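**Q** Dumping the structure here so I can ask a few things about it.
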Amino acid sequence: MVLPAQPAECGCDRPASYLRRAITLFYTWRQRLRDRRALALMDERSLRDVGLTRCDALYEARKPFWRE
Numbered sequence: 003m004v005l006p007a008q009p010a011e012c013g014c015d016r017p018a019s020y021l022r023r024a025i026t027l028f029y030t031w032r033q034r035l036r037d038r039r040a041l042a043l044m045d046e047r048s049l050r051d052v053g054l055t056r057c058d059a060l061y062e063a064r065k066p067f068w069r070e
C-alpha cells in the first residue's frame, strides 16, 4: 500500500501566510466600509432596484466594518 506524499511538518508558523491573511482582511474591511457608505448615499429609486428599503440600507450602513 502506497501512502500519498505529504509535506513535512516543520512545526513553525508561517509569518508570510499570517501577513497575507491580515492584508486580505484589511482589504475586505475597506471594501465593506466603501460599500456601506455607498449604500447609505443611494436614492430611493436605486434602493428599490436592488430590493432594499431605506430602513434596510441604513441598518446595513450603520454596521461596523468588521461585521458581515
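Numbering (this note's numbering) for the sequence shown: 3 to 70.
Where is the CB? At the ideal position from N, CA and C, for every residue including glycine.
Nothing here was measured: the structure is a model prediction, and the numbers come from that model.
1. Starting from R36, trace the alpha helix (DSSP H) both ways and give me its first and last residue.
2. Buried or exposed for A59, please, with buried defined as at least 16 other CB atoms from any protein chain shown within 10 angstroms of its CB.
3. On a Cα-Cα basis, can you pick out the residue from T26, D45, R32 that is closest to F67?
4. Can you tell me which of the three DSSP states E46 falls into?
5. If you draw a straight line from the C-alpha of R50 to the C-alpha of A18, how long is it?
**A** From the atom records:
1. Taking the first residue of the sequence shown as 1, we reach residue 36 at position 34. 17-43 is the span of the alpha helix (DSSP H), which, as asked, contains R36.
2. Position 57 of the sequence shown, counting from 1, holds the residue named residue 59. Buried is the call here.
3. Residue 67 sits at position 65 when you count from the first residue of the sequence shown. Answer by Cα proximity: R32.
4. The residue you call residue 46 lines up with position 44 of the sequence shown. If DSSP states are grouped into helix, strand and coil, E46 belongs with the helices.
5. Taking the first residue of the sequence shown as position 1, residue 50 is located at position 48. Taking the first residue of the sequence shown as position 1, residue 18 is located at position 16. Roughly 44 Å separates the two Cα atoms.
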